[in-house]
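Participant:
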Amino acid sequence: MPNKFTLAALAILLAAGACKRDEAGPVEKDGTPPGAVRNLTVENLHGAARISFELPGDKDLQYIKARYTAPGGTVRETRVSRFNRSLLMEGFGDTNPYTVTLFAVDKSENVSAPTEITVNPLEPPVWIVRRTLGIIPDFGGVNVSFENEEEKDLAIVVLSIDSLGQFSPRATQYTKLKKGDFSTRNMPNKPTRFGVYVRDRWGNLSDTLLTELTPLFEEQLDRTKMNGVILPGDAPIGHLGSIAGLFDGNTQAGFYHSSDDARMPQWFTYDMGVTAKLSRLVWFMRPGFFFSLHNPKEVEIWGSNNPNPNGSFDDSWVLLARSTQIKPSGLPEGQLSQADQDAALLGHTVTFPVNSPKVRYIRFKTLKNWSNGTYVNFHEIKMFGDTH
Numbered sequence: 001m002p003n004k005f006t007l008a009a010l011a012i013l014l015a016a017g018a019c020k021r022d023e024a025g026p027v028e029k030d031g032t033p034p035g036a037v038r039n040l041t042v043e044n045l046h047g048a049a050r051i052s053f054e055l056p057g058d059k060d061l062q063y064i065k066a067r068y069t070a071p072g073g074t075v076r077e078t079r080v081s082r083f084n085r086s087l088l089m090e091g092f093g094d095t096n097p098y099t100v101t102l103f104a105v106d107k108s109e110n111v112s113a114p115t116e117i118t119v120n121p122l123e124p125p126v127w128i129v130r131r132t133l134g135i136i137p138d139f140g141g142v143n144v145s146f147e148n149e150e151e152k153d154l155a156i157v158v159l160s161i162d163s164l165g166q167f168s169p170r171a172t173q174y175t176k177l178k179k180g181d182f183s184t185r186n187m188p189n190k191p192t193r194f195g196v197y198v199r200d201r202w203g204n205l206s207d208t209l210l211t212e213l214t215p216l217f218e219e220q221l222d223r224t225k226m227n228g229v230i231l232p233g234d235a236p237i238g239h240l241g242s243i244a245g246l247f248d249g250n251t252q253a254g255f256y257h258s259s260d261d262a263r264m265p266q267w268f269t270y271d272m273g274v275t276a277k278l279s280r281l282v283w284f285m286r287p288g289f290f291f292s293l294h295n296p297k298e299v300e301i302w303g304s305n306n307p308n309p310n311g312s313f314d315d316s317w318v319l320l321a322r323s324t325q326i327k328p329s330g331l332p333e334g335q336l337s338q339a340d341q342d343a344a345l346l347g348h349t350v351t352f353p354v355n356s357p358k359v360r361y362i363r364f365k366t367l368k369n370w371s372n373g374t375y376v377n378f379h380e381i382k383m384f385g386d387t388h
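Residue 268 in the UniProt record's numbering sits at position 268 of the sequence shown; the count goes up by one each step and never skips.
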């Protein structure tokens, strides 16, 4: 007679065998399809349709699937579990009527008879956003503005003539913001033909906004003319760093480092050596500590032509821009994806409005660093704009 230990071992083996059978699929399969989905109704949406339905009464019902054929012959399918009473069909690129076919599928993968319904999707988001596009000259390129009221995942593509004379993509902005703008860079100050269109994740395209514009002149300002200016209220400098380290042309060596006595918010001041209409500022984090520790995260950039010697933020200073650095991967501190590494090496860009005034002096104000600590430490700043 088996003892209690033998019985326990046998039970474990039987349980393991049952798990393996479950993973492989149902132990028994029947050949009886479920009843059809019935009583369909549709709510037409922008580039989509929500279809409601009643389920068949089969106890082994597993899921509902729906299909339609897009122009070009692509079949698109959506599935929802048996616990749903509606599904969303997306990806329609026009307002033509489409036939959507629904099926019920049971646990044996038997498929019901089809049930069809005609949907008439409303105007697709790519068309809606296309009508909101604006394009104006910007430093070294153009600035494109858009509105995306429904916050759809879209790509906005900027075209221009490439080195081979082809009208090809110059920049692509992926967004689901309700409203925003972005700029292209590094283009010559000469008349250029541009195009802008909108694309969704199903490959639907808007028509192209075409225009000819002349990018504003932009150059990198001479770092050798830049020097720190110490004013009352500026953050004390730590023994390891200097403001001059930000302008030594090396993103790996000399650096700025405020002292442990500094508190948030804190700022430092520098003279660019020239008066310029600024287009952008790029700062570079401390190597080995990307998106962590005391690198700036939330900043304000202020400009002046005649700073008050008492160090106050009075009428002699104007706020040029606010910016928050975003870690592309969203991973916890200490973990870096390749996208994080690439973004860090490119530097973080603060863009200034086209209508910003000319200034000579800059105040770099840190509101928050990556560690919520008390001091600020990073390696390099580059300034871009027009000194003419």
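Note that the Cβ used here is the ideal one computed from N, Cα and C, for glycine as well.
1) In terms of DSSP beta bridges, what is ALA155 paired with?
2) Note down, in chain order, each residue of its chain lying with its Cβ closer than 7 angstroms to the Cβ of PRO191, except the 5 sequence neighbours on either side.
3) Could you compute how far the alpha carbon of PHE103 sits from the alpha carbon of ASN44?
4) Rounded to whole angstroms, what's the CA-CA distance from LEU122 to VAL157? Just pull it up for me.
5) For GLU333, collect the residues of the same chain with a Cβ closer than 6 angstroms to its Cβ; drop the 5 residues on either side in sequence, then sort them by chain order.
6) For the alpha helix (DSSP H) that contains TRP127, what are its first and last residues?
7) Threshold first: 4 residues or longer. Then list the alpha helix (DSSP H) segments lying entirely within the stretch 47-132, N to C.
8) If contact is defined by three or more beta carbon pairs under 8 angstroms, each pair taking one atom from either stretch, is the stretch 263-272 in contact with the stretch 359-370?
9) Tell me the residue span of the alpha helix (DSSP H) that contains GLN338.
10) Under the rule that 16 or more other beta-carbon atoms within 10 Å means buried, what is PHE247, buried or exposed?
11) Just to confirm, are SER329 and SER316 a CB contact at a threshold of 8 angstroms?
12) For residue 398, count neighbouring C-beta atoms within 10 Å of its own C-beta (all shown protein chains included) and say buried if the count is 16 or more, exposed if not.
13) Nearest to PRO309 by alpha carbon, out of SER279, TYR361, ASP340 and TRP202?
14) Could you check what DSSP says for ARG286 in three-state terms: helix, strand or coil?
15) Relative to the C-alpha of HIS46, which residue among VAL299, ALA36, VAL129 and ASN250 is closest?
16) Among SER304, ALA36, VAL198 and PRO353, whose alpha-carbon lies nearest the alpha-carbon of VAL359?
17) Quick one: what does DSSP say ALA235 is sitting in, helix, strand or coil?
18) Residues in its own chain within less than 7 angstroms of TYR63 by CB, not counting five upstream and five downstream?
19) Since I believe ASP200 is in contact with VAL100 (beta carbons under 8 angstroms), could you give me their beta-carbon distance rounded to a whole number of angstroms?
20) Between the Cα of PHE313 and the Cα atoms of GLY385, ASP234, GLN341 and PHE290, which residue gives the shortest distance?
21) Tell me which same chain residues have a C-beta within less than 6 angstroms of the C-beta of PRO34, skipping the five on either side of it?
Facilitator: Looking at the coordinates:
1) For this step, residue 155 is matched to residue 155 along the sequence shown. Under DSSP, ALA155 shares a beta bridge with TYR174 and ARG199.
2) Counted from its first residue, the sequence shown places residue 191 at position 191. For PRO191, where only same-chain residues beyond five positions count, the Cβ hits under 7 angstroms are GLU212 and THR214.
3) Along the sequence shown, read from residue 1 onward, the residue named residue 103 stands at position 103. Along the sequence shown, read from residue 1 onward, the residue named residue 44 stands at position 44. Approximately 20 angstroms, taken between the alpha carbons.
4) Walking along the sequence shown from the start, residue 122 turns up at place 122. Walking along the sequence shown from the start, residue 157 turns up at place 157. Each residue's alpha carbon lies about 23 angstroms from the other.
5) As a working mapping, residue 333 is identified with position 333 in the sequence shown. So the list reads SER292, once near-sequence residues are dropped.
6) As a working mapping, residue 127 is identified with position 127 in the sequence shown. Residue range 125-132 is occupied by the alpha helix (DSSP H) that includes TRP127.
7) Those alpha helix (DSSP H) runs which fall completely within the stretch 47-132 and span 4+ residues are 125-132.
8) Contact holds: three or more Cβ-Cβ distances are below 8 angstroms.
9) Residue 338 sits at position 338 when you count from the first residue of the sequence shown. For GLN338, the enclosing alpha helix (DSSP H) has its first and last residue at 338-346.
10) Walking along the sequence shown from the start, residue 247 turns up at place 247. Buried, because 16 or more other Cβ atoms sit within 10 Å of the Cβ of PHE247.
11) Within the sequence shown, numbered from 1, the residue matching residue 329 stands at position 329. Within the sequence shown, numbered from 1, the residue matching residue 316 stands at position 316. Taking 8 angstroms as the cut-off, the Cβ atoms of SER329 and SER316 do not count as close.
12) In the structure displayed, the chain extends from 1 to 388; residue 398 sits before or after that span and is not available.
13) Within the sequence shown, numbered from 1, the residue matching residue 309 stands at position 309. Of all alpha-carbon atoms in SER279, TYR361, ASP340 and TRP202, the one lying nearest the alpha-carbon of PRO309 is that of TYR361.
14) The residue you call residue 286 lines up with position 286 of the sequence shown. Three-state result, ARG286: coil.
15) Residue 46 sits at position 46 when you count from the first residue of the sequence shown. Looking from the CA of HIS46, the closest CA among VAL299, ALA36, VAL129 and ASN250 belongs to VAL129.
16) As a first step, residue 359 is located in the sequence shown; it is residue number 359 there, counting from the start. Ranked by Cα distance from VAL359, the options SER304, ALA36, VAL198 and PRO353 are led by SER304.
17) Here the question's residue 235 lines up with position 235 in the sequence shown. Three-state DSSP puts ALA235 in coil, outside helix and strand.
18) Working through the sequence shown from its first residue, we reach residue 63 at position 63. These residues qualify, in order along the chain: ARG79, VAL80, SER81, ARG82 and VAL105.
19) Along the sequence shown, one-based indexing puts residue 100 at 100. Along the sequence shown, one-based indexing puts residue 200 at 200. The C-beta distance from VAL100 to ASP200 rounds to 19 angstroms, too long to meet the 8 angstroms contact threshold.
20) For this step, residue 313 is matched to residue 313 along the sequence shown. Across the set GLY385, ASP234, GLN341 and PHE290, the C-alpha of ASP234 shows the shortest separation from the C-alpha of PHE313.
21) Taking the sequence shown and counting its residues from 1, one reaches residue 34 at position 34. For PRO34, where only same-chain residues beyond five positions count, the Cβ hits under 6 angstroms are PRO56, ASP58, LEU61, ALA104, ASP106 and SER112.
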